[in-house]
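Sequences listed follow chains A and B, in order.
Here the first sequence is numbered in the working numbering, starting from 15 and rising by one per residue.
Here the second sequence is numbered in the working numbering, starting from -13 and rising by one per residue.
Every residue gets a Cβ at the ideal spot worked out from N, C-alpha and C, and that includes glycine.
Each remark here refers to the structure printed beneath this line.
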Amino acid sequence: MLYKVLVVDDETPVRDLLNDLLKREDCGVTTCASGEAALEELKKNPFDIVLLDIKLPGISGLEVLKNIRETNKELPVIMITGFGYNEDLINKSKEFGCSGYIGKNMPVAQIITTFKKIAQEVKSGKAGS
Amino acid sequence: MIPAGKEENKVPLDILDNCGVMLIYLNAEQDIVFCNKKTERITGSKSEDIAGGDWRKILFRGNGGLIKQEMFKAVLDECVRHKREKDFEGIILDGSGKERIISWNFSPVVSEDGRVKGSLLTGHDVTRIREAANSVKSIDSTLKNIFFSLKDYALYVTNLEGNITYFSTGSEVMLGWKKKDVIFRHVDILHGGSGQMEGFSSILEEIGLSGRYEKEAALSPKTGKLIPVVLTVNKFFDSEKKHSGYIFVAKDITERRHLEYQAFQSEKMAALGLLSAGMAHEINNPLLVILGRCELLAKERLGRKERENLGLISSQAERIQKLVDRILKFSQKSKQVFEPVNINEAIEFIIPFARYSNLPDTRVDLVKDFEEGLPPVRGDLHQLQEVFLNLLINAYQSISKNGKIEITTRRGNGGFATVTVKDTGSGIPPEHLKDIFMPFFSTKTEGKGLGLSICYNIVKDHNGRIGLESRPGEGSVFTIELPFI
């Protein structure tokens, strides 16, 4: 298994798609539908990387990120959003300590490539650059 | 006082002294023989000065007012020479050396043999009357100057029937009518008609109800479209405080309306931006699923027909994705890099790209008229190029037969660079002009209707202005103003 990934997205079809796409890349995938559920899952199980939707019902993706960073500075967290390339959201995510940023408007192949690239950089210690 | 004549020919002196005018009798040598008390009072002379005295000494205090003396002498000589009385108004110096305006009558006194034996001068002191008249003249001229200076206001007066009796210079400037065009014509040539304009009778009704009229209205200029104004009409009272007409004051609010429209447009754009961002987000999620599933399916073993269909689904979904990207671009402010931008070079760069947009079988001449040495503006080069490209593409696409596009750069007023893109294309109907910068509004059959709304937002972000004039069948002129650094 390449990475153990936690996918957080409130939309089932998106969650299922990311699950299928990442499994094809030899990743172990766990999915959560909300920020609260993700924080619970992170308490229970270790993960190599988190793929976190920004717009979530209840606590938002950015709040989940902030929460994670309070106890874990190292865990790679990639933000993913349907708002596309949005300067404000990117800056806010960086400020809260995200490891990377993916727009859902990217071509699917590019999403996977970007995910793998960020994951590799994180593993080799270049995260957040 | 000097007694006149012998005892038997005695003139009732007290009458002459109290007649309220200056009376002076000069002999043939033009020496003073007689003058009354009024003359003594005004000139401050004493009897001994006057007897046999020189009128210059009495009326001009010796050598004072030489030119005035010459004039006095000339009229006097003419009166004697032609043996004819003369009226004239002249200035003398009084006892304190102040000027007095005297309305004179010089009458020759002719003897039986036809010889002029003297002259009778009657002088009426009109100093106060003239000063009062001058002061009225001065007030009048001040008022005229005020009216003349109020160029943003049209001020005109009518009589009770509504015929124009006064039309200020400001009215001429604002409305293009000349005084001679409108004086004594009915005011409804400025107010008449329907719709936005209220005629004289409606104005009178309002004044009848509330004493005055004040409303936003529109005035009809000599040429061109109606001018929006705030119009105030009050009753006009003449110098005898008699209601003799109406006074109209109109303030041009074109610029205010324009700013209100811009503010309204900005608010609408901001709201639409927010809505578009939300909508784009909602579309991106299912699109990702569709495209992702297509990608996964494509890796499977599929028949030719299935693969073709899958390709079709993918390509159509990608088309939606591109549209959504444009919507997102409209709604978001991508990071702008502001730097000095040479407008001429920026336009020069995009022209080759725009040329591809001309419609099939058309010949379009592009005329560049760039002002040399234009100072740089502060802007994001790529965004400004996008604006110019969009405008040029629109211009090319509006020309279905042969035509011309002129792109001009100028040093405009108030520290702005002005860029105009003028085409001889199809033009835009007036009813569409107000919506032309709205997103998703398009007059083209194959347009997304986002280009001009993006231009609008970019220009606004650069603290600039974008405007459009267009006539169907004649073409359009887009004007962009961008502040210099």
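B:M8 - partner residues in DSSP beta bridges:
B:G109
Does the Cβ-Cβ distance between B:K72 and B:Y139 come in under 8 Å?
no
Please work out which residues of its chain come closer than 7 Å, Cβ to Cβ, to B:D0, disregarding the five sequence neighbours upstream and downstream, and give them in chain order.
none
So, is B:E281 buried or exposed, given that buried needs 16 or more other C-beta atoms within 10 angstroms?
It is buried - the Cβ of B:E281 has at least 16 other Cβ atoms within 10 Å.
Apart from the five residues on each side of it in sequence, which residues of its chain come closer than 6 Å, Cβ to Cβ, to B:G30?
Closer than 6 Å at the Cβ level, and outside the excluded window around B:G30, lie G81.
Kindly list, in the order they appear in chain B, the residues whose Cβ is closer than 7 Å to that of A:E25.
Residues of chain B passing the Cβ test: N271.
With a CB to CB cut of under 6 Å and the five nearest residues on each side skipped, what residues in its chain are close to B:T394?
D355 and T406
Can you list the residues of chain B that A:K118 reaches, using a CB-CB cut of under 9 Å?
Contact of A:K118 with chain B by beta-carbon distance below 9 Å involves H267, N270, N271, L273 and L274.
Nearest to B:L2 by CA position, among B:N131, B:Y11 and B:N22, is which residue?
Per the Cα distances, B:N22.
Does B:H229 pass the burial test, meaning 16 or more other C-beta atoms within 10 Å, or should it be called exposed?
exposed
I'd like to know whether the C-beta of A:A123 is nearer than 8 Å to at least one C-beta of chain B.
The Cβ of A:A123 sits closer than 8 Å to at least one Cβ of chain B.
Using 8 Å as the threshold, is the C-beta distance between B:L205 and B:L245 below it?
No, the pair does not count as a contact, with Cβ atoms beyond the cut-off.
How far does the beta strand (DSSP E) with B:P326 in it reach, from first residue to last?
The continuous beta strand (DSSP E) containing B:P326 extends over residues E325 to V327.
Measure the C-alpha to C-alpha separation of B:N271 and B:A303 and round it to an integer number of angstroms.
Cα to Cα, B:N271 sits roughly 12 Å from B:A303.
Which one of A:T127, A:N119 and A:C41 has the shortest CA to CA distance from B:L309?
A:N119
Cα-Cα separation between B:P207 and B:G413, rounded to whole angstroms:
Those two C-alpha atoms are separated by around 25 Å.
Secondary structure at B:L370, three-state DSSP: helix, strand or coil?
If DSSP states are grouped into helix, strand and coil, B:L370 belongs with the helices.
Please specify which runs of the alpha helix (DSSP H), each continuous and at least 4 residues long, are wholly inside the segment 22 to 71 of chain A, giving them in chain order.
26 to 38 and 49 to 58
Residue span of the alpha helix (DSSP H) that contains B:P416, given as start and end
P416 to L419
Should B:R287 go down as buried or exposed, given a rule of 16 or more other Cβ atoms within 10 Å for buried?
exposed
Chain-order list of residues whose beta-carbon lies under 6 Å from that of A:V64 (same chain, five-residue window excluded):
L20 and V91
Could you check whether the segment 140 to 152 of chain B touches the segment 192 to 199 of chain B, counting it as contact only if at least three pairs of C-beta atoms, one from each stretch, sit closer than 8 Å?
no
Interface flag, A:F97 vs chain B, CB-CB below 8 Å
yes
What three-state label does DSSP hand B:R67 in the structure shown?
helix
Which of the three DSSP states is assigned to B:A381 in this structure?
helix
Buried or exposed, going by whether 16 or more other CB atoms sit within 10 Å of the CB of B:F170?
exposed
If you count every other CB in all the chains shown that lies within 10 Å of the CB of B:R397, and 16 or more means buried, which is it?
exposed
Reduced DSSP category for B:P469 - H, G, I as helix; E, B as strand; rest coil
strand
Select from the segment 201 to 217 of chain B all residues with a C-beta closer than 8 Å to any C-beta belonging to chain A, and list them in chain order.
none
For B:F222 and B:V327, which I take to be in contact (beta-carbon distance under 8 Å), what is that distance rounded to the nearest angstrom?
No, B:F222 and B:V327 are not in contact; Cβ-Cβ is about 56 Å, not under 8 Å.
In three-state DSSP terms, what is B:W163?
coil
Between B:I78 and B:H110, which are expected to be in contact by the criterion C-beta below 8 Å, what is the C-beta distance as a whole number of angstroms?
Wrong, their Cβ atoms sit about 12 Å apart, outside the cutoff.
Go to A:K108, then tell me how far its alpha helix (DSSP H) extends in each direction, as first and last residue.
E101 to E109
If distances are taken between C-alpha atoms only, which option among B:N380, B:R242 and B:G278 comes closest to B:S462?
B:N380
Beta carbon of B:L314, beta carbon of B:A257: below 8 Å?
no
Excluding five sequence neighbours on each side, which residues of the same chain lie with their C-beta closer than 6 Å to the C-beta of B:L277?
A303
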